[in-house]
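Residue numbers (our numbering): 7 to 661.
Just so you know, even glycine gets a beta-carbon here, dropped at the ideal spot from N, CA and C.
Written out below as structure tokens is the structure these notes cover.
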């Protein structure tokens with residue numbers, strides 16, 4: 007009897023579980039393995055390992071948006087190589103900081119790295135323990151090994167000043183200082199690379215590739231420093247494969263420029279917080295801001311800012327500027343938008359903190375100072391108020407310098423010595439609280455009324471006092487205050503508030519309309535005078551009022567003026583002194599045989615003498631000669647003739 011052979015057993019069912027279950031116990035100790043030898047056929051197999059702070063598989067899946075995938079082609083991992091490098095760098099800085107407690111770690115790297123880990127859904131139980139992502143560095147090394155030829159070719163091309171789209175990931179590195187052109191007159195910003203990667207998306211035209219940067223920079227919000235983050239996207243280009251690096255919006259910083267920009271950052275930290283700073287700025291470094299469009303929607307991005315060609319003096323005050331809606335940025339570039347959005351978050355944080363006693367839902371990295379290694383990434387401009395332009399704006403850090411005060415200006419003022427002593431004493435000590443008003447908050451300041459003919463030193467008195475005391479002088483004319491009481495009150499209040507906050511002297515020129523006695527016939531002027539009287543009553547600072555003529559003082563003003571000084575026409579001796587003072591300050595040689603007594607015989611006021619000196623210097627430069635008596639007399643003769651012709655010109659009557 008023949009026994010039939012049993013049929014073979016059925017084949018095993020296909021495995022659908024985690025591929026890691028098919029590996030040996032030794033292989034399970036590694037977070038990934040590879041198959042293949044070329045970039046095209048290499049496959050990375052990732053598995054979940056329980057060791058470490060965050061599993062490597064979770065990191066890769068999060069970056070590639072594939073939470074349930076375990077196998078990845080090498081090309082996919084090459085696209086996120088920059089992200090993996092940046093994460094590895096952050097973990098390294100974190101672990102280094104845990105061991106040494108460096109300022110950069112305590113102020114920046116600790117919170118930044120913890121925020122990165124929270125993006126993977128993990129939190130560190132003990133912030134004082136090192137972070138471990140098992141296999142992260144090994145994965146980076148393996149990707150670089152698989153794409154070694156491509157990486158080497160890209161690096162060689164970069165050395166020659168060219169770049170391909172596929173080589174962008176080799177142009178940047180974690181924490182690399184990157185230079186980018188922003189809307190600040192060609193001045194570059196320096197940014198820190200925190201992430202870079204490629205991305206592919208399917209469109210109607212097929213697969214489209216793009217390269218993404220994430221960058222950060224340090225900026226002041228007025229009372230604190232913080233970090234602004236922004237991203238840029240570059241679409242893959244067609245046509246010429248390699249492009250010059252100069253065509254990119256962002257390129258790595260030249261190491262030769264690092265020291266200069268580090269010093270710029272140190273200067274930024276000096277002026278960024280800590281109260282107002284009164285300094286000078288160079289020509290072409292101040293950008294004036296347009297007035298806010300309205301109180302409801304003033305733009306923080308001043309795309310209409312204009313660059314001023316002249317230098318001047320400025321009060322750097324980011325805190326006050328931020329309250330008024332001014333920030334050191336312009337245009338619509340990504341860094342500017344990041345700063346604008348951050349300013350809004352900071353304002354909400356501050357308002358919430360003040361109302362709740364310190365708690366806020368906004369999470370911001372705030373510092374009182376900046377770690378040394380991050381100073382190079384500081385924004386290149388700060389907000390300030392230019393006393394020359396009489397406007398808010400932002401000024402380049404590189405253009406700021408100490409003010410060279412003319413300390414002898416008051417001594418050279420042609421004024422009686424007893425008057426000088428009185429003015430100096432009142433300005434220096436008139437604000438002491440020895441004689442406060444019974445009603446709190448009233449007065450405390452001093453009001454000087456300087457009246458007399460033009461060009462006799464009224465304005466110069468205020469300017470000289472400001473120079474000697476090293477304080478700002480805010481010069482205002484009546485025409486700048488508006489034509490109705492409401493407008494005048496708003497504008498003058500703004501001026502006096504700034505002066506009070508900055509301990510600045512205010513000079514209101516051409517104040518005739520305020521000083522003359524009121525009448526029932528001019529209701530509008532009466533209202534403006536009332537506004538002026540009320541503002542003077544409560545202004546705690548120093549105010550100079552100048553006028554060329556006053557027919558009759560208003561009694562209310564007389565009681566509010568601390569001291570009134572009448573300036574007479576210059577005498578011959580006074581004119582001689584003015585000539586000497588002005589000629590001693592010219593930038594070219596002057597003849598040693600000048601006859602000042604002859605010059606003093608010309609009946610001129612101080613402003614006319616100043617104009618004559620300016621013209622004489624220009625003429626001397628044209629002739630490549632020192633300033634001589636002949637040149638001065640020639641200038642005086644021509645200007646005198648011009649004034650006489652202007653007086654006698656009645657040709658307008660014939661029209």
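Subject >> Assigned secondary structure, residue 523 (DSSP; H/G/I helix, E/B strand, else coil) >> reply: coil
Subject >> Any alpha helix (DSSP H) of 4 or more consecutive residues that is wholly inside the stretch 582–637 >> reply: 602–606, 612–628
Original post:
Using a beta-carbon distance below 8 Å, is residue 376 in contact with chain B?
Top reply: This model lacks chain B altogether; it includes just one protein chain.
Subject >> Between the CA atoms of residue 267 and residue 192 - distance to the nearest angstrom >> reply: 15 Å
Subject >> Touching by the beta-carbon criterion (3+ pairs, under 8 Å), the stretch 277–286 and the stretch 402–414 >> reply: Result yes; three or more Cβ-Cβ pairs closer than 8 Å.
Subject >> Under the three-state DSSP convention, the category residue 407 falls into >> reply: strand
Original post:
What residue range is occupied by the uninterrupted beta strand (DSSP E) comprising residue 205?
Top reply: 194–209
Original post:
Can you list the beta strand (DSSP E) stretches of 3 or more residues lying completely in the stretch 497–550, in chain order?
Top reply: Listed in chain order, the complete beta strand (DSSP E) runs (minimum 3 residues) inside the stretch 497–550 are 511–515.
**OP:** Could you say which of 338, 320, 289, 331 lies nearest to residue 314 if we only look at CA atoms?
**Re:** Proximity to residue 314 across 338, 320, 289, 331 peaks at 289, based on C-alpha coordinates.
Original post:
What is the DSSP secondary structure of residue 465, reduced to helix, strand or coil?
Top reply: Note: residue 465 maps to helix in three-state DSSP.
Original post:
Are residue 372 and residue 232 close, meaning C-beta to C-beta below 8 Å?
Top reply: A distance below 8 Å separates the beta carbons of residue 372 and residue 232.
**OP:** Using beta-carbon positions only, say whether residue 142 and residue 94 come within less than 8 Å of one another.
**Re:** Yes; because the gap between Cβ atoms is below 8 Å, this pair is in contact.
**OP:** Pull up the distance between the alpha-carbon of residue 278 and that of residue 329, whole angstroms please.
**Re:** So the alpha carbons of these two residues sit roughly 15 Å apart.
**OP:** Identify every residue that forms a DSSP beta bridge with residue 312.
**Re:** 294
Original post:
Which residues in the same chain as residue 532 place their Cβ atom closer than 7 Å to its Cβ, once the five residues preceding and following it in sequence are excluded?
Top reply: 524
**OP:** Inspect the CB distances between the stretch 158–167 and the stretch 115–133 and report whether three or more fall short of 8 Å.
**Re:** no
Original post:
How is the beta strand (DSSP E) around residue 184 delimited, first residue to last?
Top reply: 183–187
Original post:
Considering only the beta carbon of each residue, do residue 392 and residue 520 sit closer than 8 Å?
Top reply: no
**OP:** Could you give the DSSP three-state label for residue 28: helix, strand or coil?
**Re:** Confidence is the limiting factor: at residue 28 the pLDDT is only 44, short of 50, which leaves the residue's position unreliable and the question unanswerable from this model.
**OP:** Give the DSSP-derived three-state secondary structure of residue 92 in the structure shown.
**Re:** helix
Original post:
Would the beta-carbon of residue 146 fall within 8 Å of that of residue 91?
Top reply: yes
Subject >> Where residue 243 falls: helix, strand or coil (DSSP) >> reply: In this structure, residue 243 counts as coil in the three-state DSSP scheme.
Original post:
Taking the Cβ atom as the reference point for each residue, do residue 96 and residue 119 lie within a distance shorter than 8 Å?
Top reply: yes
Subject >> For residue 213, the residue or residues it bridges with in DSSP >> reply: 208, per the DSSP bridge assignment.
Subject >> Paired residues, beta bridge with residue 234 - DSSP >> reply: 223, per the DSSP bridge assignment.
Original post:
By a C-beta neighbour count over all protein chains shown, 10 Å radius and 16 as the cutoff for buried, is residue 1 buried or exposed?
Top reply: Because the chain in this structure spans residues 7 to 661, residue 1 falls outside the shown range and cannot be described.
Original post:
Taking all protein chains shown into account, do 16 or more other C-beta atoms lie within 10 angstroms of the C-beta of residue 571, making it buried, or fewer, making it exposed?
Top reply: buried
Original post:
Which whole-angstrom value describes the C-beta separation of residue 513 and residue 465, a residue pair presumed to lie in contact below a C-beta threshold of 8 Å?
Top reply: 7 Å
Original post:
Rounded to a whole number of angstroms, what is the C-alpha to C-alpha distance between residue 384 and residue 549?
Top reply: 38 Å
Original post:
How close, in whole Å, do the beta carbons of residue 632 and residue 597 come, if the pair is a contact with beta carbons under 8 Å?
Top reply: 5 Å
**OP:** Within 10 angstroms of the Cβ of residue 643, are there 16 or more other Cβ atoms? Answer buried if so, exposed if not.
**Re:** Residue 643 should be labelled exposed.
Original post:
Expressed to the nearest angstrom, what Euclidean distance is found between the alpha-carbon atoms of residue 99 and residue 496?
Top reply: 52 Å
Original post:
Using a Cβ-Cβ cut-off of 8 Å (strictly less than) and excluding sequence neighbours within five positions of residue 395, which residues of its own chain qualify?
Top reply: Here the set comprises 292, 294, 314, 318.
Subject >> Cβ contact (3+ pairs, closer than 8 Å) linking the stretch 418–428 and the stretch 480–495 >> reply: Contact between the stretch 418–428 and the stretch 480–495 is absent, because fewer than three Cβ pairs lie under 8 Å.
Original post:
Which value, in whole angstroms, describes the spacing of the CA atoms of residue 275 and residue 332?
Top reply: 18 Å
Original post:
So what does DSSP say about residue 456, is it helix, strand or coil?
Top reply: strand
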